[in-house]
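Oh and the sequence shown: position 157 is 392 in this note's numbering, straight run, nothing missing. Think of the CB as a built atom: it goes at the ideal place given N, C-alpha and C, for glycine as much as any other residue. Working notes for the structure below.
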Amino acid sequence: MLRKRGTVEALQKGAGGQKSPVSRVPDPSRAVRAAKMSGPGLVAGDVVVDVPPYFDQAYVQEAAAALVEEETRRYWPTKSYLSYLPAHDYSAFETETMWNEFGRLAARQPLELLSMKRYELPAPSSGQKSDITAWQECVNNSMAQLEHQAVCIENLELVSQHGCNAWKVYNEHLVHMIEQAQKELQKLRKDIQDLNWQRKNMQLTAGAKLGEMESTWSLLSVKIMRLNEPLCSWKMKFHKSRSSMGKQTRRISSKTFSELILTCLSAACVKNYIPDPLSVDTSSCSCVRWQKGISILSFSCFKF
Numbered sequence: 236m237l238r239k240r241g242t243v244e245a246l247q248k249g250a251g252g253q254k255s256p257v258s259r260v261p262d263p264s265r266a267v268r269a270a271k272m273s274g275p276g277l278v279a280g281d282v283v284v285d286v287p288p289y290f291d292q293a294y295v296q297e298a299a300a301a302l303v304e305e306e307t308r309r310y311w312p313t314k315s316y317l318s319y320l321p322a323h324d325y326s327a328f329e330t331e332t333m334w335n336e337f338g339r340l341a342a343r344q345p346l347e348l349l350s351m352k353r354y355e356l357p358a359p360s361s362g363q364k365s366d367i368t369a370w371q372e373c374v375n376n377s378m379a380q381l382e383h384q385a386v387c388i389e390n391l392e393l394v395s396q397h398g399c400n401a402w403k404v405y406n407e408h409l410v411h412m413i414e415q416a417q418k419e420l421q422k423l424r425k426d427i428q429d430l431n432w433q434r435k436n437m438q439l440t441a442g443a444k445l446g447e448m449e450s451t452w453s454l455l456s457v458k459i460m461r462l463n464e465p466l467c468s469w470k471m472k473f474h475k476s477r478s479s480m481g482k483q484t485r486r487i488s489s490k491t492f493s494e495l496i497l498t499c500l501s502a503a504c505v506k507n508y509i510p511d512p513l514s515v516d517t518s519s520c521s522c523v524r525w526q527k528g529i530s531i532l533s534f535s536c537f538k539f
C-alpha cells in the first residue's frame with residue numbers, strides 16, 4: 236500500500252513502461268477505508284494510493300498529478316509552520332577566539348598586526364651600557380634566534396629532500412580512498428537497481444495474478460447468475476404446485492425432493508453450467524466443483 240511516496244514513482248512510470256495486462260479503475264471506497272485504518276497520521280483530505288506503480292498505468296499519471304496539485308493548493312505556509320523544529324543553536328561552533336574577534340569587529344577596532352618582537356635583537360639601554368648582565372641577556376637572545384633559524388633551515392632541507400615523496404604518498408592515499416568510495420557507490424547503485432527490478436517483477440507478477448483471478452471471478456459470477464435462472468423457474472413451479480395442493484399433501488416427500496434435485500442437475504448439465512456427474516473424475520478437482528454445485532443446488536432447494 237503506497238501513501239504519498241507513490242507520487243514520485245507514478246510521475247516517473249506513468250508516461251512509459253510496459254503495458255498493463257489489466258486496466259483497473261480506482262475505487263474511492265478503498266482509499267477511504269485505508270485512511271481510516273491508517274490512524275490519525277493522515278491529515279483530512281489526504282489521498283491514499285493503494286495500487287502498485289508498475290502494474291496500474293492507465294490512470295496513475297493523472298492520479299499523481301492530482302495528488303501534487305491538491306497538496307500544493309491546500310499548503311499555505313505560515314510564520315509558525317516550522318514551530319515543531321528545535322531552536323537553532325548558533326553558538327555550537329563558536330570558540331573563544333571567534334568571540335574575541337567578533338567583539339573587536341563590533342567595537343570597530345583595527346586589526347592587530349603580527350608581533351615581530353620575538354625576532355628582534357635589541358641592545359641594552361643607555362643606562363645599562365656598562366651592565367654585564369644586560370649584555371649577557373642580549374647574547375643569549377641572539378643565540379636563541381640563531382638556533383631557531385638553524386632549525387628552520389634544517390626543516391627546509393628535509394622538506395626539499397623528502398617532501399616530494401611524502402606528498403606523492405599522500406596523494407596516492409587520497410586516490411586509494413577515492414577508489415574505495417567509488418566502489419562502494421557502484422555497489423550501492425547496483426543493489427538499488429537490483430531491488431527496483433525485484434520489486435517491479437514482484438508487482439508485475441502479482442498484477443497478472445490479480446487480473447487472472449478477477450477474470451475467473453467474473454466468469455464464475457456469470458455462471459452462477461445463469462444457474463440461478465432454472466432454479467428460480469423451478470421455485471415458481473414448486474410454489475404454484477404447493478398452493479394447489481391440499482393441507483394433507485403440502486409436505487414434500489423425500490422421493491419428490493430427490494427428483495427435484497436430479498431434475499435441476501440435469502438441466503444444469505445440459506446447459507454446461509456444471510459437469511456431467513457420469514463424466515466426473517473422482518480424483519480431479521472437477522469432482523470437488525461438482526460437489527460444490529450439488530451443495531449450492533441443495534441449499535437453494537431447501538430455501539423453498
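Give me the Cα-Cα distance between residue i and residue j, rounded to the nearest whole angstrom.
{"i": "L302", "j": "V295", "result": "10 Å"}
{"i": "S476", "j": "L454", "result": "34 Å"}
{"i": "H383", "j": "R353", "result": "11 Å"}
{"i": "E305", "j": "T313", "result": "18 Å"}
{"i": "L409", "j": "F328", "result": "27 Å"}
{"i": "Y310", "j": "G338", "result": "43 Å"}
{"i": "L439", "j": "T451", "result": "18 Å"}
{"i": "A379", "j": "L346", "result": "29 Å"}
{"i": "K472", "j": "A443", "result": "45 Å"}
{"i": "N376", "j": "S350", "result": "17 Å"}
{"i": "L423", "j": "I413", "result": "15 Å"}
{"i": "E464", "j": "S478", "result": "21 Å"}
{"i": "H411", "j": "N436", "result": "37 Å"}
{"i": "A300", "j": "T307", "result": "11 Å"}
{"i": "Q433", "j": "A441", "result": "12 Å"}
{"i": "L420", "j": "M460", "result": "59 Å"}
{"i": "N431", "j": "L445", "result": "21 Å"}
{"i": "C373", "j": "L356", "result": "7 Å"}
{"i": "V386", "j": "E392", "result": "10 Å"}
{"i": "T330", "j": "E336", "result": "10 Å"}
{"i": "K418", "j": "C399", "result": "29 Å"}
{"i": "A369", "j": "G362", "result": "10 Å"}
{"i": "N211", "j": "Q396", "result": "A question about residue 211 goes unanswered here, because the residues of the chain that appear run from 236 up to 539."}
{"i": "T332", "j": "L340", "result": "12 Å"}
{"i": "S365", "j": "L381", "result": "25 Å"}
{"i": "L317", "j": "H323", "result": "11 Å"}
{"i": "K425", "j": "K403", "result": "33 Å"}
{"i": "S456", "j": "H474", "result": "26 Å"}
{"i": "A401", "j": "Y319", "result": "51 Å"}
{"i": "S315", "j": "P321", "result": "12 Å"}
Please state whether DSSP places residue i in a helix, a strand or coil.
{"i": "D366", "result": "coil"}
{"i": "S258", "result": "Low per-residue confidence applies at S258: pLDDT is 38, beneath 50, and the placement is therefore not dependable, though the value from the model is reported in the following sentence. S258 falls in the coil class under three-state DSSP."}
{"i": "K425", "result": "helix"}
{"i": "K352", "result": "helix"}
{"i": "H323", "result": "coil"}
{"i": "W311", "result": "coil"}
{"i": "Q380", "result": "helix"}
{"i": "R461", "result": "helix"}
{"i": "L346", "result": "coil"}
{"i": "F328", "result": "coil"}
{"i": "L317", "result": "coil"}
{"i": "A358", "result": "coil"}
Residue i: buried (16+ other C-beta within 10 angstroms of its C-beta) or exposed?
{"i": "L462", "result": "buried"}
{"i": "A342", "result": "exposed"}
{"i": "A416", "result": "exposed"}
{"i": "W469", "result": "buried"}
{"i": "A358", "result": "exposed"}
{"i": "A298", "result": "buried"}
Original post:
What residue ranges within the region 399-450 form continuous beta strand (DSSP E) runs of no fewer than 3 residues, ordered along the chain?
Top reply: none
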